[in-house]
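When you line the sequence shown up against my numbering, it's residues -3 to 460, in that order.
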Amino acid sequence: MAGKHFESLDDEARALHDSWDSIVRIVLLVAMLTILVWGACTLLRLAVHFALHVVLEAVTPKTWEAAAILLLSLTGSGIVRGLLAQRAVWQSAFGDGMGTALSNYHVTYDHEGDDPQPRYERPAFALAARKFVTTLLTIGSGASGGLEAPVVMMGEAVSAGFARVLAVRSEHELRTYQLAGIAAAVSTLLGAPFTAALFATEVAYGDRIIYRKLAYCLWAGVIAFWLNGWLSGGYEPLFVGPAHSEVYSIAELGAAALVAVTVSVPVAFGFGKAMVAIEKFFAARVRSGWHAVVSALGTGIVALALSYAADLSPAHVLGMGERTLSGILAGDAVLATWWMLLLVLVGKTITTGLTMAGSGSAGLLVPSMYLGGVSGALVAHLANLTGWTQLDPALFAVVGLGSSLVAVIGVPLAAIALVLEVFGKSFGPPAILACGVTYLLTLKFKLYDAQRSSPTPTADETGG
């Protein structure tokens, strides 16, 4: 059904893509939509960063008072989330959010005719508002997870609400706004407009890119990028990578491929299985009403245990992990040993799993990229112990970061673009190699059940 509908275009759908009037109108509306999405996502980003900064700074000293603050912050958030999760209207606002966004995007493909009503029947602005609250409660309290999936869900929801307010009556136009909203959200978070546009189209269709949709996504990504610069007074890179020559040795390229095989693929499968195992444990051993509180308490205990036993700052296993990746890239002495990186890897996996099992609202993409970056640096350190070669851990952290994104969600072009936009073209060759190898090895793996390939890969691209 979806395949035939994907191939057939009515006069309105053709006009949407071929009429200059329609193109100009949609360009202007996408600009307006981007401002709305950027505002919502920026407010969430700033609020989460502020709350997380307050919590992590308060728990930095190893004192009983600091430990009590961390446990109170996490369990207090868990109590509120647990109460909200009992209400049916709030349940869709918990979890990762990427699956919900993809399901809302694809719902119009499952109905005959050019009708956006199936999406309009689902929550939009209210869903975005609830996702804002649950994400702030989760990550802002110190729980482990990323912002990328929540902002993707918010971007899609705001876009659907925007189209409904404008009484858009074509599902083709609705999907243009949905993808543009997702691109705007990702660009707001990463500060990488090309990556954001590629991500939106790749994650929606999997095996191909709809280029006319991509054009509007690029427009949305650039506007969000400009708004970021306007707000901060200049460009602020997500990470600052180390300098590296554009010429790579055979050993370095071979190690990049090794990272894909030994790090990115195991991270994709292992991380997914770890999340499932922790959720099954909670389902079997903990009463549903207590999931959020018990998982929050467990997250705090893991962070404190690593802090006291291994002198590992809670910031390395809580929150979004940006400090840890920045430390690896900067050559932080605390993260310069293989056993410390291994502790970070295990600790972050456990705290993220506990967060997701306990009605948390946080993304899995950033943790997977985090784990890939840490694992890449770990492989470099272990290789250096052999004495056969001397690899730069920071370089392989970048390679692991990019290829893990491919392994988890299958967006090779977006992952390569992320490395080029954030770290520079000198990191291109090993990233391209690692992402290509990872994509081939993980073609059949999907973390999100709602992610699917385009209905008919050979159909006319305007059917998207």
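Built from N, CA and C at the ideal position, the CB exists for glycine as well.
On a predicted model such as this, the values are computed, not experimentally measured, just so you know.
Query raised in the report: Skipping 5 residues on each side, what residues in its chain have a beta carbon closer than 8 Å to that of Phe277?
Result: Ala353
Requested in this report: Could you check what DSSP says for Lys440 in three-state terms: helix, strand or coil?
Outcome: coil
Requested in this report: Let me know the secondary structure DSSP gives Gly217 once reduced to three states.
Outcome: Shown here, Gly217 sits in a helix according to DSSP, grouped into three states.
Query raised in the report: Where does Gly474 sit, in a helix, a strand or coil, going by DSSP?
Result: Here the chain comprises residues numbered -3 to 460, so residue 474 is not present and cannot be evaluated.
Query raised in the report: Residue range of the alpha helix (DSSP H) that Lys233 falls in?
Result: In the sequence as displayed, the identity of residue 233 is Pro instead of Lys. Premise fails: Pro233 is in no alpha helix (DSSP H) and is neither H nor E.
Requested in this report: Flag this pair as yes or no: are the beta carbons of Ile135 and Gly315 separated by less than 8 Å?
Outcome: Yes.
Query raised in the report: In or out: Trp16 buried (at least 16 other Cβ within 10 Å) or exposed?
Result: exposed
Query raised in the report: Ordered along the chain, which non-local residues of its own chain (more than five positions away) have a Cβ less than 8 Å from that of Ala145?
Result: Asp92, Gly93, Met94, Ala97, Ala358, Gly359, Leu360 and Leu361
Query raised in the report: Count the other CB atoms within 10 Å of the CB of Lys440; is the residue buried (16 or more) or exposed (fewer)?
Result: Counting every other CB atom within 10 Å of its CB across the protein chains shown gives Lys440 a total below 16, marking it as exposed.
Query raised in the report: Going straight from the alpha carbon of Trp60 to that of Gly349, what length do you get?
Result: If I take the Cα positions, the gap works out to 26 Å.
Query - Cβ distance (whole Å) where Pro189 is taken to contact Gly217 below 8 Å - result: That belief holds up - the Cβ atoms of Pro189 and Gly217 are roughly 3 Å apart, short of 8 Å.
Requested in this report: Can you have a look at Gln174 and say buried or exposed, based on whether 16 or more other CB atoms are within 10 angstroms of its CB?
Outcome: buried
Query raised in the report: Just how far apart, CA to CA, sit Met150 and Gly383?
Result: 49 Å
Requested in this report: Enumerate in chain order the residues of its own chain whose CB-to-CB distance from Val398 is below 7 Å, with the five nearest sequence positions on each side excluded.
Outcome: Before going on, a small fix: residue 398 reads as Gly here, not Val. Closer than 7 Å at Cβ, skipping near neighbours: Ala411, Ile412, Leu414, Val415, Ala427, Ala430 and Cys431.
Query raised in the report: Between the beta-carbon of Thr295 and the beta-carbon of Leu70, is there less than 8 Å?
Result: yes
Query - Whole-number beta carbon distance between Leu42 and Gly138, since they are thought to touch under 8 Å - result: Going by Cβ atoms, the distance from Gly138 to Leu42 rounds to 17 Å, so no, they are not a contact pair.
Report task. Might you give, ordered along the chain, the residues of its own chain that have their beta carbon closer than 7 Å to the beta carbon of Ala270, omitting 5 neighbours on each side? Result -> Thr345 and Gly349
Query raised in the report: Rounded to a whole number of angstroms, what is the C-alpha to C-alpha distance between Asp307 and Met336?
Result: 10 Å
Query raised in the report: Are the beta-carbon atoms of Gly424 and Ala393 separated by less than 8 Å?
Result: no
Query raised in the report: Smallest Cα separation from Ser260: which of Ile324, Val433 and Pro233?
Result: Val433
Report task. Give me the Cβ distance between Cys254 and Val404, rounded to the nearest whole Å; I'm assuming they're in contact under 8 Å. Result -> Strictly speaking, residue 254 in this sequence is Leu, with Cys absent from that position. At roughly 19 Å, the Cβ-Cβ gap does not stay under 8 Å, so Leu254 and Val404 are not in contact.
Report task. Specify whether the region 118 to 133 and the region 77 to 91 touch according to this definition: at least 3 beta carbon pairs, one from each stretch, less than 8 Å apart. Result -> yes
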